[in-house]
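Here is the structure we will look at.
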Amino acid sequence: MAEAESNVVETINGDCHDFQSLLSSSNRDFLVRNNGDRVKIDSLNGTKLGLYFSASWCGPCRRFTPNLMEVYSELSPKGDFEIIFVSGDQDEESFNGYFSKMPWLAIPFSDSETRSRLDELFKVMGIPHLVLLGENGKVLTDDGVGIIQEYGVEGYPFNPEKIQELRDLEEKARTEQSIKTILVSRSRDFVVTSDGNKVPVSELEGKTVGLYFSVSSSKASADFTPKLAEVYKKLKEKGENFEIVVISLDDEEESFKESFVAPWLALPFKDKSCKKLARYFELSTLPTVVIIGPDGKTLHSNVAEAIEGHGIQAYPFSPERFAELAEIEKAKEAAQTLESILISGDLDFVIGKDGAKVQVTELVGKTVLLYFSAHWCPPCRGFTPKLVEAYKKIKAKNEAFEVVFVSSDRDQASFEEYYSEMPWLALPFGDARKPLLSRKFKVRGIPMLVAIGPTGKTVTKETRNLIMAHGADAYPFTEERLKEIEAQYEEMAKGWPEKLKHELHKEHELVLTRRTYYNCDACGDQGQVWSFYCGECDFDLHPKCALEEDKGSKADEEEGTRKEGWVCDGEVCTRA
Numbered sequence: 001m002a003e004a005e006s007n008v009v010e011t012i013n014g015d016c017h018d019f020q021s022l023l024s025s026s027n028r029d030f031l032v033r034n035n036g037d038r039v040k041i042d043s044l045n046g047t048k049l050g051l052y053f054s055a056s057w058c059g060p061c062r063r064f065t066p067n068l069m070e071v072y073s074e075l076s077p078k079g080d081f082e083i084i085f086v087s088g089d090q091d092e093e094s095f096n097g098y099f100s101k102m103p104w105l106a107i108p109f110s111d112s113e114t115r116s117r118l119d120e121l122f123k124v125m126g127i128p129h130l131v132l133l134g135e136n137g138k139v140l141t142d143d144g145v146g147i148i149q150e151y152g153v154e155g156y157p158f159n160p161e162k163i164q165e166l167r168d169l170e171e172k173a174r175t176e177q178s179i180k181t182i183l184v185s186r187s188r189d190f191v192v193t194s195d196g197n198k199v200p201v202s203e204l205e206g207k208t209v210g211l212y213f214s215v216s217s218s219k220a221s222a223d224f225t226p227k228l229a230e231v232y233k234k235l236k237e238k239g240e241n242f243e244i245v246v247i248s249l250d251d252e253e254e255s256f257k258e259s260f261v262a263p264w265l266a267l268p269f270k271d272k273s274c275k276k277l278a279r280y281f282e283l284s285t286l287p288t289v290v291i292i293g294p295d296g297k298t299l300h301s302n303v304a305e306a307i308e309g310h311g312i313q314a315y316p317f318s319p320e321r322f323a324e325l326a327e328i329e330k331a332k333e334a335a336q337t338l339e340s341i342l343i344s345g346d347l348d349f350v351i352g353k354d355g356a357k358v359q360v361t362e363l364v365g366k367t368v369l370l371y372f373s374a375h376w377c378p379p380c381r382g383f384t385p386k387l388v389e390a391y392k393k394i395k396a397k398n399e400a401f402e403v404v405f406v407s408s409d410r411d412q413a414s415f416e417e418y419y420s421e422m423p424w425l426a427l428p429f430g431d432a433r434k435p436l437l438s439r440k441f442k443v444r445g446i447p448m449l450v451a452i453g454p455t456g457k458t459v460t461k462e463t464r465n466l467i468m469a470h471g472a473d474a475y476p477f478t479e480e481r482l483k484e485i486e487a488q489y490e491e492m493a494k495g496w497p498e499k500l501k502h503e504l505h506k507e508h509e510l511v512l513t514r515r516t517y518y519n520c521d522a523c524g525d526q527g528q529v530w531s532f533y534c535g536e537c538d539f540d541l542h543p544k545c546a547l548e549e550d551k552g553s554k555a556d557e558e559e560g561t562r563k564e565g566w567v568c569d570g571e572v573c574t575r576a
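Below you can see the structure in the form of structure tokens.
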């Protein structure tokens with residue numbers, strides 16, 4: 001028996017896996033379907049297998065499983081491909097619920113030993129994980145998830161030769177790119193209108209085409225779509241040779257239909273090319289509008305920001321036009337004043353703590369920080385107390401300073417609750433200037449803090465980082481002030497050794513290092529700017545603690561009181 005087990009292990013760890021040895025146990029020679037049917041393992045001989053490591057509690061698994069099911073449904077009729085679910089669920093009820101939606105086979109949940117063995121054998125470090133095996137049991141790839149996501153059924157039979165062939169075709173498509181290679185698939189040579197009519201892709205040749213990647217559930221997409229529709233309408237009215245093709249990533253057909261806010265075109269709902277194009281153009285943000293020039297080559301990877309900022313003026317989206325827009329932006333920045341930023345039509349005020357209006361003109365000549373934040377945002381709530389502390393210190397020394405809260409809260413009550421923690425001014429909740437400011441300063445995440453100098457020019461959009469690093473000392477946030485701070489820090493460290501040994505950390509030398517914030521491992525107090533630091537152990541000492549003359553003797557005394565065989569770290573002593 002021992003010899004037989006040894007042979008099994010040897011086979012499993014070889015280049016080719018015997019399916020029977022791989023998937024069976026001492027008292028089981030079958031796999032199961034979700035209706036309870038048993039399938040003999042030896043019936044899989046000569047079949048390509050996918051071992052699908054997944055679990056119901058795993059969000060990425062639940063998102064990937066439908067993609068795998070789609071591929072499986074197309075390949076299953078061939079009779080030479082099967083998938084086996086190797087569950088990572090913690091209980092049988094969860095396993096049954098998840099497996100009930102799967103059309104393939106599974107290792108029985110009760111056989112935890114085999115499931116654990118497969119996890120270890122294929123070094124499964126995360127899920128979803130898909131190992132693809134050839135008919136001879138040879139591992140074709142352990143990146144089945146990536147291959148299915150990138151190529152879908154086109155990747156079949158998933159061997160290295162096929163994947164290389166597809167990659168070569170992709171490279172060729174890039175070098176010989178045209179509107180046809182982008183939009184035509186093996187089964188489709190058309191795009192569709194809002195009423196479902198087919199328009200041949202050939203009709204787009206010679207035109208400038210915007211590929212609009214959209215998800216209706218994305219607020220950024222929802223806000224941008226009307227702006228794009230307005231630009232599209234104006235260009236059509238001018239007779240420009242321009243077209244938009246929506247690449248919808250929506251899961252619901254109703255949402256897809258809602259994307260036709262203008263008489264533009266689209267790839268059909270849930271067309272396989274949608275996700276393929278998202279990968280091809282390395283989609284990383286929404287909204288994205290890729291511009292394909294009349295020659296079929298990519299003119300720009302994303303003009304959404306340009307359309308938001310300049311509208312129809314961004315057309316024809318050429319490098320020359322973007323150079324002109326950059327000059328326009330420079331001129332705007334040179335002419336920028338606080339009034340041009342904060343006044344829009346009749347909206348010429350901000351509000352104080354009592355709700356009273358404060359005219360924007362009263363802030364002219366001051367350094368003003370625009371604080372983009374929201375109560376629902378944990379990083380915002382964490383930063384606000386630090387900003388309040390810095391604000392009070394700066395205000396105590398210089399009245400020519402103010403902060404204006406620009407809220408992204410979802411309702412008036414949340415705005416009022418959050419604003420009650422702040423001692424400064426604010427835009428009223430729901431103010432029409434908020435989206436204009438977000439667009440002007442390209443606010444992609446919060447909290448964000450923009451410093452406007454006394455002349456009305458933008459000083460920096462990195463003010464949050466400056467407050468975090470230097471607190472009130474960062475005021476007035478200019479390059480000159482930062483140079484002064486750097487000079488002070490260098491002066492502070494004069495005469496200190498670059499490296500030292502210390503009794504509290506005998507393992508390695510401590511190196512004098514710039515650190516934004518840390519907790520000293522000697523006294524426990526927070527430190528910043530300089531630390532004697534060990535990167536390997538993440539060990540910090542305040543310079544004052546590291547350089548104390550009597551620290552070594554104190555450490556020696558403490559060391560003497562420790563019990564042999566124990567190691568003390570902070571407030572905890574453990575056996576060595």
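The opening residue of the sequence shown carries number 1 in full-length UniProt numbering; numbering runs sequentially from there. In this text, a Cβ means the ideal position worked out from N, Cα and C, and glycines have one as well.
Taking the straight line between their C-alpha atoms, what separation do you get for residue i and residue j?
{"i": "Pro497", "j": "Cys545", "result": "14 Å"}
{"i": "Met448", "j": "Val406", "result": "10 Å"}
{"i": "Cys520", "j": "Gln488", "result": "22 Å"}
{"i": "Gly365", "j": "Phe477", "result": "15 Å"}
{"i": "Cys537", "j": "Pro435", "result": "46 Å"}
{"i": "residue 585", "j": "Asp271", "result": "Outside the displayed span of the chain (1 to 576) sits residue 585, for which this structure offers no information."}
{"i": "His505", "j": "Tyr517", "result": "20 Å"}
{"i": "Gly14", "j": "Ser112", "result": "With a pLDDT of 41 at Gly14, under the threshold of 50, the predicted position of this residue should be treated as unreliable, and no value is reported."}
{"i": "Val199", "j": "Leu267", "result": "10 Å"}
{"i": "Asp188", "j": "Lys180", "result": "The sequence shown places Arg at residue 188, rather than the Asp named in the question. Each residue's alpha carbon lies about 11 Å from the other."}
{"i": "Gly352", "j": "Ala374", "result": "18 Å"}
{"i": "Ser553", "j": "Val124", "result": "With a pLDDT of 39 at Ser553, under the threshold of 50, the predicted position of this residue should be treated as unreliable, though the coordinate-derived value follows. Taking the straight line joining both Cα atoms gives about 50 Å."}
{"i": "Pro294", "j": "Leu183", "result": "14 Å"}
{"i": "Asp119", "j": "Gln164", "result": "28 Å"}
{"i": "Pro316", "j": "Ala173", "result": "24 Å"}
{"i": "Gly97", "j": "Asn34", "result": "9 Å"}
{"i": "Gln230", "j": "Glu237", "result": "Note on identity: in this sequence residue 230 is Glu, with Gln being the wrong assignment. If you take the alpha carbons of Glu230 and Glu237, they lie about 11 Å apart."}
{"i": "Leu228", "j": "Gly309", "result": "11 Å"}
{"i": "Asp346", "j": "Gln359", "result": "11 Å"}
Taking a contact to mean a Cβ-Cβ separation below 8 Å, would you say residue i touches residue j in this structure?
{"i": "Ile467", "j": "Ala390", "result": "yes"}
{"i": "Val192", "j": "Leu265", "result": "yes"}
{"i": "Leu369", "j": "Thr463", "result": "yes"}
{"i": "Ser218", "j": "Leu286", "result": "yes"}
{"i": "Leu299", "j": "Val245", "result": "no"}
{"i": "Val459", "j": "Ala472", "result": "no"}
{"i": "Lys499", "j": "Glu509", "result": "yes"}
{"i": "Pro423", "j": "Val388", "result": "yes"}
{"i": "Pro108", "j": "Arg28", "result": "yes"}
{"i": "Leu130", "j": "Tyr52", "result": "yes"}
{"i": "Val153", "j": "Leu105", "result": "no"}
{"i": "Leu121", "j": "Ile84", "result": "no"}
Report the three-state DSSP secondary structure of residue i (helix, strand or coil).
{"i": "Gly239", "result": "coil"}
{"i": "Tyr418", "result": "helix"}
{"i": "Gly210", "result": "strand"}
{"i": "Val32", "result": "strand"}
{"i": "Lys554", "result": "Reliability of the predicted coordinates at Lys554 is poor, the pLDDT of 42 falling under 50, and the value obtained from them is presented with this limitation in mind. Here Lys554 sits in helix by DSSP."}
{"i": "Ala356", "result": "coil"}
{"i": "Phe260", "result": "coil"}
{"i": "Ser54", "result": "strand"}
{"i": "Arg188", "result": "strand"}
{"i": "Thr181", "result": "helix"}
{"i": "Ile343", "result": "coil"}
{"i": "Phe224", "result": "helix"}
{"i": "Ala266", "result": "strand"}
{"i": "Gln20", "result": "helix"}
{"i": "Val245", "result": "strand"}
{"i": "Ser407", "result": "strand"}
Residue i bridges to which residues according to DSSP?
{"i": "Glu402", "result": "Val368"}
{"i": "Val139", "result": "Leu133"}
{"i": "residue 638", "result": "The displayed coordinates of the chain run from 1 to 576. Any statement about residue 638 would go beyond what the structure contains."}
{"i": "Val39", "result": "Leu31"}
{"i": "His505", "result": "His502"}
{"i": "Val199", "result": "Val191"}
{"i": "Tyr518", "result": "Gly527"}
{"i": "Phe81", "result": "Lys48"}
Got a sec: is the Cβ-Cβ distance from residue i to anything in chain C below 8 Å?
{"i": "Ile247", "result": "No chain C appears in the structure shown, which is made up of a single protein chain."}
Checklist entry - Which runs of the alpha helix (DSSP H) fall wholly inside the stretch 521–550 and span at least 4 residues, in chain order? => result Counting whole runs of 4 or more residues, the stretch 521–550 contains the alpha helix (DSSP H) stretches 543–546.
Checklist entry - Can you list the beta strand (DSSP E) stretches of 3 or more residues lying completely in the stretch 422–495, in chain order? => result Segments of the beta strand (DSSP E) lying fully in the stretch 422–495: 448–452, 458–460.
Next on the checklist: Please give me, in chain order, every unbroken run of the alpha helix (DSSP H) with length at least 4 that falls completely inside the stretch 101–129.
Outcome noted: 112–121, all fully within the stretch 101–129.
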